[in-house]
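Written below as structure tokens is the structure these notes are about.
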Ligand code: AN0
Ligand code: CP
């Protein structure tokens, strides 16, 4: 594997789960593999889990790690070609990227959707420039359209907790005061669509995701109906994708908040969320604190997903 930007690149899923299990059970088995190799992690946006878990994963593999927050301490970067740079940005991405590539063996990039242009976001304009100009393997730490390390961790978690071969997975939209990207729900849908699990997506009208991510999932606008018999409830907010509403908050309807009444409709489902989560907007205190909530083991598996992917990239160097 050279670049990792989508869970579709994991190849055979059972093989990927096997590798992840091996990594989880033997976290220090490949300490020599990353020796004298440097990972550079570039953040255009905030992070807690991705930052720590990816760094931990690389350290488990014996790598050196450098972290740069582009917006804190680095030069502000211009991203548009052709701009007369007489504003507040002293450096262009087109120099910054190859320079960064000189200092490392592998680059992780976090660059969220900017909601300025759906075309630019869905063409992964920033991430693809890292792939094109850094000369190094690049992996996504959440880009504009996907968050594959999160999705891989989610899938590993489902694999660990599922009680039947084909569990029913319900991904539900839930309210949030700020416009959030579609990367997490897109990527989760992409991942679950690679399995033979039953998959239902529920959201208010107007929150339809891009069809290429929805795939064969059943879309159900009645959240109660969707939740019936669910084995896993995956909650997430996202801003609108469709047309002129791209990037907008259309609803803050708290009747969509996941609470104990909703969870009672399920097959004693596990509750999942990628975190960070706003309590009593997305999910009530009671549900996230219940024994069915697996948000912490889910977050713990972020080390496993990152280590499995970085290991594959190292093997290809
Ligand atoms: C981000 C998002 O929704 O994409 C990161 C989640 C992993 N969340 C926030 O910005 C709150
Ligand atoms: N789930 C996740 O990616 O969290 P961070 O934004 O804190 O990295």
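Residue numbers (the working numbering): 5 to 321.
Backbone N, C-alpha and C fix where the C-beta goes; we use that ideal spot for every residue, glycine too.
The model shown is predicted, which means the values in this text are computed figures rather than measured ones.
*DSSP state of residue 53 mapped onto helix, strand, coil*: Position 49 of the chain shown, counting from 1, holds the residue named residue 53. Looking at residue 53 - three-state DSSP - the assignment turns out to be helix.
*Can you tell me which of 211, 207, 241 puts its alpha carbon nearest to the alpha carbon of residue 229?*
Sequence index remark: in the chain shown, residue 229 carries index 225 (1-based). Per the Cα distances, 207.
*What residues in its chain sit with their C-beta under 6 Å from that of residue 173, if we drop five residues either side in the sequence?*
By 1-based counting over the chain shown, the position of residue 173 is 169. Cβ within range, chain order: 196, 201, 203, 236.
*asked:* Check for me: the beta strand (DSSP E) holding residue 73 runs from which residue to which?
replied: On the chain shown, position 69 is the one that residue 73 refers to. Element bounds for residue 73: 68-73.
_So, for residue 24: in the same chain, excluding its five sequence neighbours on each side, which residues have a beta-carbon less than 6 Å away from its beta-carbon?_
For the purposes of this step, residue 24 is taken as residue 20 along the chain shown, with counting starting at 1. Hits under 6 Å: 160, 308, 312.
*With a CB to CB cut of under 6 Å and the five nearest residues on each side skipped, what residues in its chain are close to residue 10?*
Counted from its first residue, the chain shown places residue 10 at position 6. 150, 152, listed in sequence order.
*Going by Cα to Cα distance, which pick from 98, 91, 259 is closest to residue 133?*
Within the chain shown, residue 133 is the residue found at index 129, counting from 1. In terms of Cα proximity to residue 133, the closest of 98, 91, 259 is 98.
*Under a three-way DSSP split, which group does residue 43 fall into?*
The residue given as residue 43 occupies position 39 in the chain shown. The answer is strand: DSSP assigns residue 43 an E or B state.
*What are the boundary residues of the alpha helix (DSSP H) that includes residue 105?*
The sequence position of residue 105 within the chain shown is 101, counting from 1. Residue 105 -> alpha helix (DSSP H) spans 97-106.
*Between the C-alpha atoms of residue 70 and residue 44, what's the straight-line distance to the nearest angstrom?*
Translated into the one-based positions of the chain shown, residue 70 becomes position 66. Translated into the one-based positions of the chain shown, residue 44 becomes position 40. C-alpha separation (whole angstroms): 5 Å.
_Beta-carbon contacts of residue 219 that lie in its chain and below 8 Å, excluding the five residues immediately before and after_ = One-based indexing of the chain shown puts residue 219 at position 215. Excluding positions up to five away in sequence, the list reads 193, 194, 197.
*asked:* Within 10 Å of its beta-carbon, does residue 249 have 16 or more other beta-carbons around it, so buried, or fewer, so exposed?
replied: Taking the first residue of the chain shown as 1, we reach residue 249 at position 245. That one is exposed.
*Can you give me the start and stop residues for the beta strand (DSSP E) that residue 309 sits inside?*
Working through the chain shown from its first residue, we reach residue 309 at position 305. First-last for residue 309: 299-319, but that is the alpha helix (DSSP H), not the beta strand (DSSP E).
*Which of helix, strand or coil DSSP assigns to residue 246*: Locating residue 246 in the chain shown gives position 242, counting from the first residue. Coil at residue 246, not helix or strand.
_For the structure I just gave you, are there three or more beta carbon pairs, one from the region 172-188 and one from the region 249-262, closer than 8 Å?_
The region 172-188 is in contact with the region 249-262.
*Which term fits residue 221, buried or exposed, when burial requires 16 or more other beta carbons within 10 angstroms of its beta carbon?*
Here residue 221 is taken as the residue at index 217 of the chain shown, counted from 1. When all chains shown are included, residue 221 counts as buried.
_One question on the structure: do residue 8 and residue 144 come within less than 8 Å of each other, judged by their Cβ atoms?_
Here residue 8 refers to the residue found at position 4 when the chain shown is read from its first residue. Here residue 144 refers to the residue found at position 140 when the chain shown is read from its first residue. Cβ distance < 8 Å, so residue 8 and residue 144 count as in contact.
*For residue 239, does the three-state DSSP call read helix, strand or coil?*
On the chain shown, position 235 is the one that residue 239 refers to. Reduced to three states, the DSSP call for residue 239 is strand.
*State the start and end residues of the unbroken alpha helix (DSSP H) segment that holds residue 265.*
Here the question's residue 265 lines up with position 261 in the chain shown. Where residue 265 is concerned, the enclosing alpha helix (DSSP H) stretches over 264-268.
_If I follow the unbroken beta strand (DSSP E) through residue 276, where does it start and stop?_
Working through the chain shown from its first residue, we reach residue 276 at position 272. Per DSSP, residue 276 belongs to the beta strand (DSSP E) from 274-276.
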